[in-house]
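Mature numbering (1 follows the signal peptide of the UniProt record, and there is no 0) puts the sequence shown at residues -25 to -1, 1 to 319.
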Amino acid sequence: MRDLKNNMVILACIMAAICITTLDAAIPSSIRKTINDVNKKGSYLGIVVPNAFEMNPLLNSSNFVANSNLPYLDVQGRRFHLGTVKNQKVIMVMTGLSMLNSGLTTQLLLTLFEIKGIVHFGIAGNANSNLQIGDVTIPKYWAHTGLWNWQRYGFGPQDELAFEAFGDYTRQYGYLNFSDYDVAKKKSGSYLNSVWYQPEEVFPVTGTPEERQHAFWVEVDQSYYKLSEKLEGTNLTRCVNATTCLPRSPIVARVDKGCSANVFVDNAAYRQFLNAKFNITPIDMETAAVGLVSLQLGTPFIAIRSLSDLAGGGSAQSNEASIYSSLAADNAVTAVVNFISLLS
């Protein structure tokens, strides 16, 4: 019996050593100690940015003051920049392109650090004909419009979707029928048939593990959104250079909805569909993932997106983003800095 107990103790020690080794392999103990030291200094505002050309105008400006002792910390392929913006302690991180990158990076940020809220910013395509390139939009709701149930050819709106009876899929949010966009209409429709938009499965920290909830529209933090009203009237950049200017001075506009998916939309028909179906203004590839992670972890978030192109609705020769992306990025930073100043 004593030998059995001794063997159990030895086994427990071995398992503990394996766990510790695994944790050290994921995040080395020296970095974990540094993270603990960072968190002891209080909570931070998280700033999440998709790409370097969107982040650098803030990172390299006088508005961002890097932490003199620890300007950045590299963890699992991500660089977390520590500093202040308008006297707010911030940790800023670049996600990279796409929903996967933005979701993983946001999760890592919120798991490692004491974050009191997230401000996400960048550029976006525009699906709203009432706004122009250079305008900065702040939607109240975001949706991931890239999660589809692609319906079998021959089935229609009245037919049940595969696995709909199990609660996996729904017809609640409507569909896009490809035959509606055929140049030459065919009575038989399209072999591509229809795609039905689906909500994400979410598992909030306040819920029961493995008991899913669903979210299609993710609302930004109400207090953040109310505060953002004060950004209306912000002075934004109008000209790329001496010869290339926008028709009017850009504005900050609080709008109803934005959407994200792993698709760069440069197609007028689809952008018009998104606006007509869902009342979408900005279209991007990251924000909904940031919002969904924030929702699940109960962290306040807001997204500020400056319009860089018309998502296929402008010139047929080239996309406007190549001309106006730098202007749009600068305008997004201006709005973000002004918003953070309101938090002080």
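Every residue gets a Cβ at the ideal spot worked out from N, C-alpha and C, and that includes glycine.
Asked, Found
"Residue 344 versus residue 111: straight-line alpha-carbon distance, rounded", "Nothing about residue 344 can be read from this structure; the chain reaches only from -25 to 319."
"Straight-line gap, residue 178 to residue 224 (C-alpha atoms, nearest Å)", "43 Å"
"Strand pairing of residue 277, partner residues [DSSP]", "94"
"Within 9 Å, strictly: CB atoms of residue 305 and residue 280", "no"
"Top-ranked residue by Cα proximity to residue 234, from 135, 246, 14", "246"
"3-residue-minimum beta strand (DSSP E) runs that sit fully inside the region 64 to 136, ordered along the chain", "90 to 101, 111 to 119, 123 to 125"
"Beta-carbon proximity of residue 52 to residue 238, cut-off 9 Å", "no"
"Burial state of residue 19 (16 or more Cβ within 10 Å)", "buried"
"At least 3 beta-carbon pairs within less than 8 Å: the region 260 to 267 vs the region 77 to 84", "yes"
"With 16 other Cβ atoms within 10 Å as the buried cut-off, status of residue 180", "exposed"
"Residue interval of the beta strand (DSSP E) (run including residue 175)", "175 to 177"
"Contiguous beta strand (DSSP E) assignments of at least 3 residues, all confined to the region 222 to 250", "227 to 235"
"Residue 288 CB to nearest heavy atom of the ligand SAM below 8 Å", "Of the ligands one can find in the structure shown there are none, so the ligand SAM has no counterpart to examine."
"Buried versus exposed call for residue 230 [16 or more other C-beta atoms within 10 Å across all chains shown]", "buried"
"Cβ-based neighbour list, residue 165, same chain, cut-off 7 Å, excluding 5 preceding and 5 following", "153, 154, 157"
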